[in-house]
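Take the sequence shown: its letters are residues 0 to 497, numbered as in numbering that gives the first Met the number 0.
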Amino acid sequence: MVISALNPDLDSVTTSDVIVISYIILPANDNGDSEIIFNAHPALVKKIEKLFAIELRDELTFFTPTGKAGELNEIPVSAADSPVEKIILLGLGDQSLASFRTAGAVLGRKVRGAEKNFATIAPTKRDEIIAFATSAVLGEYTWNQKSTAKPSSSEIEIVTADAEPVSYASVISGAVCRARDLIHTPSNIKTPLWMANQARAIASEYGLEINVISGTALKEFGGLRAVGNSSPNPGPRFIHLTYTPKSGKKSARMPHVVLVGKGITFDTGGISLKRPYDTMMAMKSDMAGAAAALATISALPQLGAQVKVSVLMMCAENALSGTSQRPSDVIKHYGGKTVEVINTDAEGRLVLADGLAYADINLDPDYVVDIATLTGAATLGLGRQYAAMYTRNSHLARTISEIGERTGDRVWHMPLIDDYTDGLESDIADLNHTADKGHYGAGSVTAALFLEQFVGDRQWVHLDIAGTARSESDSGENPKGGTGFGVRLLVEWLTSLS
Ligand code: BES
Ligand code: MN
Ligand code: ZN
């Protein structure tokens, strides 16, 4: 779907099929009267009312509105020489960014399949326009491979004098939808090679550097090979993209951030087969971290971000076959650490370990961030609304948490509990990979402690998005399936670093 900016005058607004006007309701005063306030220039509202010979306040009162975010009522209208067929009145709740997102998503859902233009008079502040317009695109999003599907021809035109926030929202929402497309693609299509080809196409579209490593060149990537060699054809891929800003501030040294994404194109669990078997249905989404990292880097050149970013997509299929790794195998990771494999379903940390060590040893990053659908335990702890965030840097944790609340990709700072580290001891290797020695439980925490062994002394953030990467229902901003979680958070954080 397209979003664009539209001039705030009657002639522009009345060339659309639908006019959307948002409102708030002020709480009742001493006399018990509540007041409806339209979020639009009063002169424009007057002109619209005159053209269609209606009183918007009366029309709305007829519906006994509460004003809650996303409350939607439709008024059929007609006037000679105008294609407008209805006016939608849309509640903005308490006008928090969360309310703008809710209202935007409701409008987006209304626009689905409508094949009409919606001239939308909504927010006025930059942040609000971005939240509203982004969520409108996300709410409109659908994905399917029905042979009868046709591309959306709907358009939301945001009525504003300043087009900049609308184009920003268009880049952000485009990137989130790109991640969703990758996540929704079924695993018979989505091999690690296919992921590499997607990354190549994006790299050439936006002028990013790309290097893909496969086959015998992956010799040192013991974790990626141990997992990915379970699927003979076409085998695992290490996909390395780089964004270097074109024109930079000369004075200050530009920060370099490395994003490492878990790219398991399907997770059967391997020999430690997932059970019950239904839990496998969701596992085409197990590359959501890599998808978010790729979508994020695709947005940076479009926004002219002044930060150097490398993305490492750790792509492999965790299949069940004669070449699957076994519980009790010992593997050697990039950089030389040895690991005793306990449960082949804990494959994410094995592929990430290679990526984290690669970043530490070769890329001299200021920050390393990994993003992964890593543990069911993260979902048990936080549900589907918050991702688990681990870092030793409490200042950075606060910054990222705040950005999460603002963008809607919310994260909760979790503890790296040192007392549990002895669970990672192995009698025969440097580490055992599931921290089963201590019987500590806390599966999301011990997975994070395992990853930390590979980051050296780097500033590091780990995002466990197992709960947030997928939505089990088609509601709000999300379709059933991949959400694109992490893209808004990472783009906003990265652009704030410059
Ligand atoms: N990809 C899964 C985690 C997951 C589960 C993501 C449910 C989304 C929804 C991961 O590879 C996995 O299987 N983790 C195991 C680790 C365990 C064997 C130590 C888990 O969480 O059960
Ligand atoms: Mn697994
Ligand atoms: Zn997995």
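Cβ coordinates follow ideal geometry from the N, Cα and C atoms, glycine included.
The segment 19-100 contains, as complete alpha helix (DSSP H) runs of 4+ residues, the segments 41-51, 55-61 (chain order). For threonine 337, the enclosing beta strand (DSSP E) begins and ends at 337-339.
Between glycine 221 and alanine 315, the gap from beta carbon to beta carbon reaches 7 Å or more. With a cutoff of 6 Å, glycine 347 counts as near the ligand ZN, since its C-beta is closer than that to a heavy atom of the ligand. Taking 7 Å as the cut-off, the beta carbon of asparagine 6 is found no closer than this to the beta carbon of serine 21. Taking the Cβ of aspartate 435 as the reference point, every heavy atom of the ligand MN lies at 6 Å or farther away.
Taken in chain order, the complete alpha helix (DSSP H) segments of 4 or more residues contained in the segment 205-263 are 221-227. Per DSSP, aspartate 180 is not a residue of any beta strand (DSSP E); the alpha helix (DSSP H) it occupies stretches across 163-183. Our two residues, tryptophan 411 and glycine 288, have alpha carbons roughly 17 Å apart in a direct line.
Less than 7 Å divides the Cβ of leucine 351 from the Cβ of aspartate 369. Of all alpha-carbon atoms in Asn143, Arg111, Leu96, the one lying nearest the alpha-carbon of aspartate 126 is that of Leu96. In the three-state scheme derived from DSSP, where H, G and I count as helix and E and B as strand, isoleucine 360 is classed as helix.
Contact between the segment 435-455 and the segment 474-481 is absent, with fewer than three C-beta pairs closer than 8 Å. Contact between the segment 165-182 and the segment 479-488 is present: three or more C-beta pairs spanning the two stretches fall below 8 Å.
Using a Cβ distance threshold of 7 Å, leucine 91 and alanine 102 count as a contacting pair. Here the segment 303-320 makes contact with the segment 238-247; the two share three or more CB pairs at distances below 8 Å.
The alpha-carbon separation between leucine 50 and arginine 383 amounts to approximately 46 Å. Taking the Cα positions, tyrosine 439 is about 7 Å away from glycine 422. In the three-state scheme derived from DSSP, where H, G and I count as helix and E and B as strand, serine 497 is classed as coil. Here the distance from the Cβ of aspartate 328 to the nearest heavy atom of the ligand MN is not below 6 Å. Lys283 is the residue among Arg405, Lys283, Asp473 whose C-alpha sits nearest the C-alpha of threonine 184. Nearest to alanine 318 by alpha-carbon distance, out of Ala345, Ser229, Arg391, is Ser229. One alpha carbon belongs to threonine 141, the other to lysine 149, and they sit about 11 Å apart.
Taking C-beta separations shorter than 6 Å and ignoring five residues to either side along the sequence, the partners of phenylalanine 131 in its chain run Phe99, Gly103, Ala121, Pro122, following chain order. Set against 6 Å, the gap from the CB of aspartate 285 to the closest heavy atom of the ligand ZN is smaller.
Proximity of the segment 108-122 to the segment 155-165 meets the contact definition, three or more beta-carbon pairs being nearer than 8 Å. Here arginine 325 is exposed: its Cβ has fewer than 16 other Cβ atoms, across all protein chains shown, within 10 Å.
Valine 460 and glycine 380 have their C-alpha atoms roughly 19 Å apart. Of the candidates Ile296, Leu106, Gln94, Gly334, Ile296 places its Cα closest to the Cα of glutamate 208. The beta carbon of aspartate 277 sits no closer than 6 Å to any heavy atom of the ligand MN.
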